[in-house]
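With this note's numbering applied, the first sequence covers 215 to 887.
All C-beta atoms in this analysis are idealised placements derived from N, C-alpha and C, irrespective of residue type, glycine included.
Heads up: the structure comes next, in structure tokens.
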Amino acid sequence: MPVARPETSDARVIAHVDMDCFYVQVEQRKQPELRGLPTAVVQYNEWQGGALIAVSYEARSCGVKRSMRGEEATAACPEIQLVQVPVARGKADLNTYRSAGSEVVSILARSGRCERASIDEVYLDLTDAAESMLADAPPESLESIDEEALKSHILGMSREDGDDFKKSVRDWICRKGADRRDKLLGCGIIIVAELRKQVLKETEFSCSAGIAHNKMLAKLASGMNKPAQQTVVPYSAVQELLSSLPIKKMKQLGGKLGTSLQTDFGIDTVGDLLQFSETKLQEHYGVNTGTWLWNIARGISGEEVQGRLLPKSHGSGKTFPGPRALRSLSNVQHWLNQLCEELYERLSSDLEQNKRIASTLTLHASAFGSKDSDSHKKFPSKSCPLRYGVTKIQEDAFNLFQAALREYMGPFGTKPQGNKKETWRITGLSVSASKIVDIPSGTSSIMRYFQSQSTIPSCSTSGCLQEDVAVTPSASESCSEQKSVETQAAMPEEDISITDTLPDLDNSYGNMDMVPEKDVSCQSNDAKEFLTQSGSNRGTQTKTNGQRINNSKEKNKGMPSIVDIFKNYNATPQSQQETREDSTVSLTSKRANLSSSTSHSSEVNQEGEDRRETEWGYKVGEIDQAVFDELPYEIQREFRSFLRHNKRPNAGKSKGDGSASSSIAHYFPPLKK
DNA sequence: ACGGCTGTGACT
DNA sequence: TAGTCACAG
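So, in structure tokens, the structure goes:
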């Protein structure tokens, strides 16, 4: 639901920049011979030539439209060039477009607060820049005004042809008696023209822009003259613009709300909204939406440009329409694995490039029931703390899926026999990572990472599923071994939940004292203890060793995650720093303190400490390679350099028990990427 | 039961 | 908070 925001009293200068048929441009830059030709980007679908997701303006003028199939497009425009979107892991891969979008953002972000609104759209708050220009070098003081700026469309200005037109634009921008708001927009025109030229120069991409006093109007304007043009909405033109604007053209009104306004109120244009009192609108749509509607009818929108250059979440999904719907757990697992691989890849680059880490993993699925089951219950979404590592994410996602599936199926979801046909069919799967926070750069984060990894109950099963554990006993077992649903259902409730996790600590990590960094850089063989997870949980073939009874009752709820630590670090870097340097207490004893000081000082914690010191204690040189591999790249790198600078005179041999456990002190695989 | 794939934001 | 829904492109 749209929500009304108060508008600031001072006039702002807001721009909305919209890339022209962006995916097409990206492909045309890659294959310049396609430039100028009618071109469309299709998502490979094998069905009727795939679906068009971007169409060049040349192709549009032949009548090709988005949401045509490739075959239709070819029929409408035989000359059309169809380019397929890249495919990776059996699904569309939009990464090239994402990074092309980032190129643009990094240019646009130079001149003011910048909000990445989507892969190809950006809002800019140019108020400061415009005010500075007005103060220091107002348009009328310039000996010449940029040609691109002179091509702007100014709403409400009569438009004659040729040079007269440019002259009138110049006159408008420079006119003496103009209202301050208009003068600011005049500066905005020049700034945006400059920015668009810069984008073109540096990326070869053209874009269109709208310039106005708020986001809503800027967005509206950017679409009015495409491609490669810019449009300005002076305050004086707002009423007329809105009076004839079809209600559904307004952002947020393209869906049900807009339809409702049409059918329930007989409203066709935004201007028609003016007839209705705020109270009337509130009665029908609630206070927030009512006020919002009342405001937009008047061109009022106080939404601020968020200073955000990076996405707030990453997702990877795929649909399995109709006959392609997934019917078996192993098939679901296969696709989840693909999606999780992609997700992890993107999380890794986010970590490398932006030093950000995500903390929540969410699984979304959609399904339709088979003919007999008419329960229209929606397939529920599930989420859990996100653990870095492809395998971990894959396991967790699959566990989430199974939990959701059980809920979806209800108590009768499982059949007594290993019947081939399940009653469910999955038509869509997606995994996403959210709650992304910055982590500090520098080497200090590594210890915290290990600390957290060693103390977080790994989310698989018990951790992430919480009460669902009771619903899906031994979910993790089935995860690795692909047991059927039936098998799991046969398991008694409330019992053994396989887990390779460590016992729970509370989430009061802010107090957690670390071994001083120097101290930790225990080059010597004897070494301090270094806690990490047992490395045996790798790969889908892994046996679930490390089993233990899991008291599902007192676990998590506020379960800590790596992110809590980083958050805390960000919040109070100073004290954390000091704490670390002053601390001389050993890691284990500190941790014991911590755990006993937590609110639920339950048996679990007590039990846990024992385990930590026995099973889960590792020396630096004995960290499992597999575990190391799953650490965030950034952490791997830090750790590498940490070890490099603390060369151990004679690295010990790896503990003999097995292949899986080689010492990373000896083995440094090449960094990926 | 299709437009696929992503992403944001509000509500409860 | 987690989960759902609406919306956009």
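Rounded to whole angstroms, the Cβ separation of residue 322 and residue 228 is 13 Å, and the two are not in contact under 8 Å. When only Cα atoms are considered, residue 262 and residue 293 end up about 17 Å apart. Sequence-distant partners of residue 408 (beyond 5 residues in either direction) whose C-beta falls short of 7 Å from its own C-beta, in its chain, are 360.
In the displayed model, residue 506 falls within a helix according to three-state DSSP. Take the alpha-carbon of residue 414 and the one of residue 420: they are about 5 Å apart. Note on geometry: alpha-carbon atoms of residue 264 and residue 253 lie some 14 Å from one another. Here residue 294 carries a coil assignment [DSSP, helix/strand/coil]. Residue 423 is positioned such that its CB atom lies closer than 8 Å to that of residue 436. In the three-state scheme derived from DSSP, where H, G and I count as helix and E and B as strand, residue 652 is classed as strand.
DSSP places residue 233 inside the beta strand (DSSP E), whose first and last residues are 228-233.
With fewer than 16 other beta carbons inside 10 angstroms of its own, residue 521 counts as exposed.
A straight line joining the alpha-carbon of residue 410 with that of residue 364 spans about 13 Å. Residue 644 carries a strand assignment under DSSP once its states are collapsed to helix, strand and coil. Taking C-beta atoms as the reference points, residue 649 and residue 595 fail to come closer than 8 Å. Setting aside the 5 residues that flank it on each side, residue 390 is surrounded in the same chain by 354, each with a C-beta closer than 8 Å to its C-beta; the list follows chain order. For the pair residue 297 and residue 258, the CB atoms are not nearer than the 8 Å cut-off. Of the other Cβ atoms in all chains shown, fewer than 16 fall within 10 Å of the Cβ of residue 567; this residue is therefore exposed. Between residue 597 and residue 575, the gap from beta carbon to beta carbon is short of 8 Å. When secondary structure is reduced to three states using DSSP, residue 411 falls in the helix class. Under the DSSP assignment, residue 607 falls outside any beta strand (DSSP E), being part of the alpha helix (DSSP H) whose first and last residues are 604-623. Annotated as distal: residue 340 and residue 225, with beta-carbon spacing of 8 Å or more.
For residue 591, there is no enclosing alpha helix (DSSP H), as DSSP marks it with neither H nor E. Closest option to residue 335, judged by alpha-carbon separation, among 345, 380, 231: 231. A check of alpha carbon separations from residue 441 across 250, 311, 542 identifies 250 as the nearest.
Between residue 645 and residue 530, the C-beta spacing is below 8 Å. Taking a C-beta distance under 8 Å as the contact criterion, residue 233 and residue 318 qualify as a contact pair.
Taking a 10 Å sphere around the C-beta of residue 535, we find fewer than 16 other C-beta atoms and assign the residue as exposed. Residue pairing by DSSP places residue 444 opposite 423 in a beta bridge.
Here residue 396 is buried: its Cβ has 16 or more other Cβ atoms, across all protein chains shown, within 10 Å. Around the CB of residue 246, fewer than 16 other CB atoms lie within 10 Å, so the residue is classed as exposed.
Contact check for residue 615 against residue 550 passes: the beta carbons are separated by less than 8 Å. For residue 328, the uninterrupted beta strand (DSSP E) run begins and ends at 327-332, by DSSP. The Cβ atoms of residue 552 and residue 304 sit closer than 8 Å to each other. About 6 Å separates the CB atoms of residue 342 and residue 326; that is less than 8 Å, so the two are in contact. Our two residues, residue 438 and residue 445, have alpha carbons roughly 7 Å apart in a direct line. Each residue's CA atom was taken as its position, placing residue 275 and residue 269 some 10 Å apart.
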